[in-house]
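Novice: Input: one structure, supplied below.
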Amino acid sequence: MPGGPDDGGRRVVRHVPDRVACRACLPRRRVHCAVRHVPPGFVARGRGIPHSDVHERSLRCRGSRRGARRLHRRGACRSARPVHRRGRGEVLGRGVPERGLHPLQGPAAQRRVGAHRHPAGRDVRDPVRLPHHVRLRRGLQAQPGRGGGPGGRRALPDAQEQDHRERVVTYEEQILTEELPGSIVIAGAGAIGVEFAYVLHNYGVKVTVVEFADRIVPAEDADVSKELAKHYRKLGIEVHTSTRVESIDDSDPARPVRVTVDKNGARQVLEADKVLQAIGFAPRVTGYGLETTGVRLTDRGAIEVDGRGRTNVPSLYAIGDVTGKLMLAHAAETMGVIAAETIGGAETMEVDFRMIPRATYCQPQIASFGHTEAQAREAGFDVQVAKFPFTANGKAHGLGEPVGFVKVISDGAHGELLGAHLIGPEVTELLPELTLAQQWDLTVHEVARNVHAHPTLGEAVKEAVHGLAGHMINM
Numbered sequence: 003m004p005g006g007p008d009d010g011g012r013r014v015v016r017h018v019p020d021r022v023a024c025r026a027c028l029p030r031r032r033v034h035c036a037v038r039h040v041p042p043g044f045v046a047r048g049r050g051i052p053h054s055d056v057h058e059r060s061l062r063c064r065g066s067r068r069g070a071r072r073l074h075r076r077g078a079c080r081s082a083r084p085v086h087r088r089g090r091g092e093v094l095g096r097g098v099p100e101r102g103l104h105p106l107q108g109p110a111a112q113r114r115v116g117a118h119r120h121p122a123g124r125d126v127r128d129p130v131r132l133p134h135h136v137r138l139r140r141g142l143q144a145q146p147g148r149g150g151g152p153g154g155r156r157a158l159p160d161a162q163e164q165d166h167r168e169r170v171v172t173y174e175e176q177i178l179t180e181e182l183p184g185s186i187v188i189a190g191a192g193a194i195g196v197e198f199a200y201v202l203h204n205y206g207v208k209v210t211v212v213e214f215a216d217r218i219v220p221a222e223d224a225d226v227s228k229e230l231a232k233h234y235r236k237l238g239i240e241v242h243t244s245t246r247v248e249s250i251d252d253s254d255p256a257r258p259v260r261v262t263v264d265k266n267g268a269r270q271v272l273e274a275d276k277v278l279q280a281i282g283f284a285p286r287v288t289g290y291g292l293e294t295t296g297v298r299l300t301d302r303g304a305i306e307v308d309g310r311g312r313t314n315v316p317s318l319y320a321i322g323d324v325t326g327k328l329m330l331a332h333a334a335e336t337m338g339v340i341a342a343e344t345i346g347g348a349e350t351m352e353v354d355f356r357m358i359p360r361a362t363y364c365q366p367q368i369a370s371f372g373h374t375e376a377q378a379r380e381a382g383f384d385v386q387v388a389k390f391p392f393t394a395n396g397k398a399h400g401l402g403e404p405v406g407f408v409k410v411i412s413d414g415a416h417g418e419l420l421g422a423h424l425i426g427p428e429v430t431e432l433l434p435e436l437t438l439a440q441q442w443d444l445t446v447h448e449v450a451r452n453v454h455a456h457p458t459l460g461e462a463v464k465e466a467v468h469g470l471a472g473h474m475i476n477m
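Residue numbers for the sequence shown follow the working numbering, beginning at 3 and rising by one.
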């Protein structure tokens, strides 16, 4: 484990700030918490909570996001004592001396070489370092489309250049703004889209969600998608599925942005103050010298790696978004640990990306791992399914949120856990019990023996597993 007592004395140099955790995960979680605990309007009044101005509360939330980000940056990787270099790193390739660059040799090899002109007009010299291994990370950029089929991408049409930066925004730009629009169209109903739909709705924004697939959160189990869509429509969030964005017209600052959409051949024009692009991301494999290394890319433009982060180039490892595997911070962290252990010669195991947990901070929350029911049936398993609703859970009633369910899937032939799909209050905290059981090959009968405290939300997990074992107690 890097930074542990037996890390082999290896020195870590980190050139790029952790934008994934500090500009995506943590700010989005902080925004969700702000509206989660003090909901506006009739919900707040129903709970006896004074309802202050939503815009003022959004500005206070922005300050708390910055604080959470600073704390994370100070604390991340502190035990490993990495050397931090603020800025952008570039891979120069193997032929450094042949390119006229002559860095010193040795463990602390460094010489300032390669002068270039700074935009401010002064000469700047970059340090060239010679590590034994290079690990690539933060390979992520917003993309204007998402796969509409195997190997394909559907494009979100470009808006007019005029005023484009202000009225057609990415999630990062929306997080950083101090102004709340009166209305917004969110293009894409994946994790980012549904999270922002809930947050902006609770700040009083009129929200319309447009999704190309036939259901929202299309990567999740179909039952989860159906439950979330039902809840969002009940909240008043307008949801359009099987709908394609054809064009965006924001040429006239005096009128709303006009979004033309197509659903089964029927066109409709949606108007809003803003459009949020939440369609997805693509791996970023240009702009930092990757082309000099000869590393192999996949058909979808990501760096090709094995289960330990190794590329086709010896001593070059890639982790996280740049590999296109699973664009989640904890997936990147897991890949990083395994790559570091492989580099250090430690005993380790390959990443099983299907079994990595996924958390979506909409409301109600979504948590899942493994096969969906449809995927398990397609794979040929003897599928067994058990569902337990939070309407039968005492803690959920105590929280005032008896919505959603726990759905667990197993192989009937061997009792192996194949996946779990949860939607409901705080379900993002409930997966570790099941992922650990799956990792260590426990059967549903063994997991059912685990005792849960009462009253807890975790009892819903216990009941669902009992259902797979054939003896659900409270349903």
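For glycine and all other residues, C-beta sits at the position ideal for the given N, C-alpha and C.
List the whole-angstrom C-beta distance separating residue 392 from residue 347, where the pair is believed to meet the contact cut-off of C-beta under 8 Å.
Specialist: Here residue 392 is taken as the residue at index 390 of the sequence shown, counted from 1. Here residue 347 is taken as the residue at index 345 of the sequence shown, counted from 1. Actually they are not in contact, since the Cβ atoms of residue 392 and residue 347 sit about 47 Å apart, beyond 8 Å.
Novice: From residue 444 to residue 354, what does the alpha carbon distance come to, in whole angstroms?
Specialist: Position 442 of the sequence shown, counted from the first residue, corresponds to residue 444. Position 352 of the sequence shown, counted from the first residue, corresponds to residue 354. Taking the straight line joining both Cα atoms gives about 17 Å.
Novice: For a test of the three-state rule: what should DSSP assign to residue 273, helix, strand or coil?
Specialist: Within the sequence shown, residue 273 is the residue found at index 271, counting from 1. The answer is strand: DSSP assigns residue 273 an E or B state.
Novice: Just to confirm the assignment, what range does the beta strand (DSSP E) spanning residue 248 have?
Specialist: By one-based count along the sequence shown, residue 248 stands at place 246. Counting along the chain, the beta strand (DSSP E) containing residue 248 begins and ends at 246-251.
Novice: Flag this pair as yes or no: are the beta carbons of residue 437 and residue 366 separated by less than 9 Å?
Specialist: Stepping through the sequence shown from its first residue, residue 437 is reached at position 435. Stepping through the sequence shown from its first residue, residue 366 is reached at position 364. Taking 9 Å as the Cβ cut-off, residue 437 and residue 366 do not qualify as a contacting pair.
Novice: To test your reading of the DSSP string, which unbroken beta strand (DSSP E) runs of 3 or more residues are found completely within the segment 382-432?
Specialist: Listed in chain order, the complete beta strand (DSSP E) runs (minimum 3 residues) inside the segment 382-432 are 385-391, 407-413, 418-426.
Novice: Residue 283 by DSSP, collapsed to three states: which one?
Specialist: Numbered from its first residue, the sequence shown carries residue 283 at position 281. Correct three-state label for residue 283: strand.
Novice: Could you pull the start and end residues of the beta strand (DSSP E) that residue 200 belongs to?
Specialist: Start at 1 with the first residue of the sequence shown, and residue 200 comes out as number 198. Premise fails: residue 200 lies in the alpha helix (DSSP H), 193-204, not in any beta strand (DSSP E).
Novice: Just tell me which of 431, 385, 396, 429 has its CA closest to the CA of residue 446.
Specialist: Taking the sequence shown and counting its residues from 1, the one referred to as residue 446 is at position 444. The residue with the shortest Cα to Cα distance from residue 446 is 385.
Novice: Is it buried or exposed, residue 293, if we count other Cβ atoms within 10 angstroms and call 16 or more buried?
Specialist: Against the sequence shown, residue 293 aligns to sequence position 291. By the neighbour-count rule (16 or more Cβ atoms within 10 Å), residue 293 is not buried but exposed.
Novice: Can you tell me whether residue 227 is buried or exposed, with buried defined as 16 or more other CB within 10 angstroms of its CB?
Specialist: Sequence index remark: in the sequence shown, residue 227 carries index 225 (1-based). Per the 10 Å Cβ criterion, buried.
Novice: Whether or not the segment 409-419 and the segment 365-379 are in contact is what I'm after, with contact meaning three or more pairs of Cβ atoms, one per stretch, closer than 8 Å; do they touch?
Specialist: Yes, they touch.
Novice: Give me, in chain order, the residues of the same chain whose beta-carbon lies closer than 7 Å to that of residue 110; leave out the 5 immediate sequence neighbours on both sides.
Specialist: To locate residue 110, count along the sequence shown from 1; it is residue 108. Note that residue 110 scores a pLDDT of 38, beneath 50, so its modelled location is shaky and nothing firm can be said.
Novice: Go through its chain and collect everything with a Cβ distance to residue 369's Cβ below 6 Å, but skip five positions before and after it.
Specialist: The residue you call residue 369 lines up with position 367 of the sequence shown. Here the set comprises 361, 424, 429, 430, 433.
Novice: Under the three-state reduction of DSSP, which class applies to residue 371: helix, strand or coil?
Specialist: In the sequence shown, counting from the first residue as 1, residue 371 sits at position 369. DSSP places residue 371 in strand when its eight states are reduced to three.
Novice: Whole-angstrom Cβ separation of residue 302 and residue 314, contact assumed at under 8 Å?
Specialist: The residue given as residue 302 occupies position 300 in the sequence shown. The residue given as residue 314 occupies position 312 in the sequence shown. Incorrect: roughly 16 Å between the Cβ atoms, too far for contact.
Novice: State the Cα-Cα distance for the pair residue 215 and residue 453, rounded to the nearest angstrom.
Specialist: Translated into the one-based positions of the sequence shown, residue 215 becomes position 213. Translated into the one-based positions of the sequence shown, residue 453 becomes position 451. Straight-line Cα distance between these residues: approximately 40 Å.
Novice: Please report whether the beta-carbon of residue 262 lies at a distance below 9 Å from any beta-carbon of chain B.
Specialist: Of the protein chains in this structure there is only one, and it is not chain B.
Novice: What are the boundary residues of the alpha helix (DSSP H) that residue 225 is part of?
Specialist: Here residue 225 refers to the residue found at position 223 of the sequence shown. Start and end: 224-237.
Novice: If you check the beta carbons only, do residue 276 and residue 440 fall under 9 Å apart?
Specialist: On the sequence shown, position 274 is the one that residue 276 refers to. On the sequence shown, position 438 is the one that residue 440 refers to. No, these two residues do not count as a Cβ contact at 9 Å.
Novice: Would you call the CB atoms of residue 422 and residue 466 closer than 9 Å?
Specialist: The residue labelled residue 422 in the question sits at position 420 within the sequence shown. The residue labelled residue 466 in the question sits at position 464 within the sequence shown. Yes. Within cutoff.
Novice: DSSP state of residue 453, grouped into three classes?
Specialist: Walking along the sequence shown from the start, residue 453 turns up at place 451. Three-state result, residue 453: coil.
Novice: How about residue 280 and residue 190: are their beta carbons less than 9 Å apart?
Specialist: Reading the sequence shown from its first residue, position 278 is the one you call residue 280. Reading the sequence shown from its first residue, position 188 is the one you call residue 190. Contact: yes.
Novice: Could you tell me if residue 477 is buried or exposed, where buried requires 16 or more neighbouring beta carbons within 10 angstroms of its beta carbon?
Specialist: Numbered from 1 along the sequence shown, position 475 holds the residue referred to as residue 477. Classification of residue 477: exposed, given that the 10 Å Cβ count is below 16.
Novice: Assuming contact is defined by CB atoms lying nearer than 9 Å, are residue 243 and residue 213 in contact in what I supplied?
Specialist: Residue mapping note: residue 243 aligns to position 241 of the sequence shown, counting from 1. Residue mapping note: residue 213 aligns to position 211 of the sequence shown, counting from 1. Their beta carbons are under 9 Å apart, which means residue 243 touches residue 213 by this criterion.
Novice: Looking at the structure shown, is residue 241 part of a helix, part of a strand, or coil, going by DSSP?
Specialist: Locating residue 241 in the sequence shown gives position 239, where the first residue counts as 1. Three-state DSSP puts residue 241 in a strand.
Novice: By DSSP, does residue 262 sit in helix, in strand, or in coil?
Specialist: Reading the sequence shown from its first residue, position 260 is the one you call residue 262. Correct three-state label for residue 262: strand.
Novice: Could you tell me whether the Cβ atoms of residue 320 and residue 395 are closer together than 9 Å?
Specialist: Along the sequence shown, read from residue 1 onward, the residue named residue 320 stands at position 318. Along the sequence shown, read from residue 1 onward, the residue named residue 395 stands at position 393. Not a contact, by the Cβ cut-off of 9 Å.
Novice: For a minimum of 3 consecutive residues, which ranges assigned as the beta strand (DSSP E) are wholly contained in the segment 283-330?
Specialist: For the segment 283-330, whole beta strand (DSSP E) runs of length 3 or above, ordered along the chain, are 283-285, 318-320.
Novice: Return the first residue and the last residue of the alpha helix (DSSP H) that residue 463 is part of.
Specialist: In the sequence shown, the residue the question calls residue 463 occupies position 461. It spans 460-471 - the alpha helix (DSSP H) in which residue 463 sits, taken as one unbroken run.
Novice: Can you tell me where the alpha helix (DSSP H) holding residue 177 begins and where it ends?
Specialist: Taking the sequence shown and counting its residues from 1, the one referred to as residue 177 is at position 175. First-last of the alpha helix (DSSP H) with residue 177: 173-178.
Novice: For residue 341, which residues from the same chain have a beta carbon less than 7 Å from its beta carbon, with the 5 sequence-adjacent residues on both sides left out?
Specialist: Taking the first residue of the sequence shown as 1, we reach residue 341 at position 339. So the qualifying residues of the chain are 137, 310, 311, 319, 321.
Novice: Are the beta-carbon atoms belonging to residue 225 and residue 245 less than 9 Å from one another?
Specialist: As a first step, residue 225 must be located in the sequence shown, where it is residue number 223. As a first step, residue 245 must be located in the sequence shown, where it is residue number 243. Taking 9 Å as the Cβ cut-off, residue 225 and residue 245 do not qualify as a contacting pair.
Novice: Considering residue 350, what are the terminal residues of the beta strand (DSSP E) in which it resides?
Specialist: For the purposes of this step, residue 350 is identified with residue 348 of the sequence shown, where counting begins at 1. First-last for residue 350: undefined, no H or E at that position.
Novice: Look up residue 475 in the DSSP assignment and give the residues it is bridged to.
Specialist: By one-based count along the sequence shown, residue 475 stands at place 473. Note: residue 475 sits in no beta bridge, so no partner.
Novice: State yes or no: is the C-beta of residue 364 within less than 9 Å of the C-beta of residue 187?
Specialist: Along the sequence shown, one-based indexing puts residue 364 at 362. Along the sequence shown, one-based indexing puts residue 187 at 185. Against a cut-off of 9 Å, the Cβ pair of residue 187 and residue 364 comes out as no contact.
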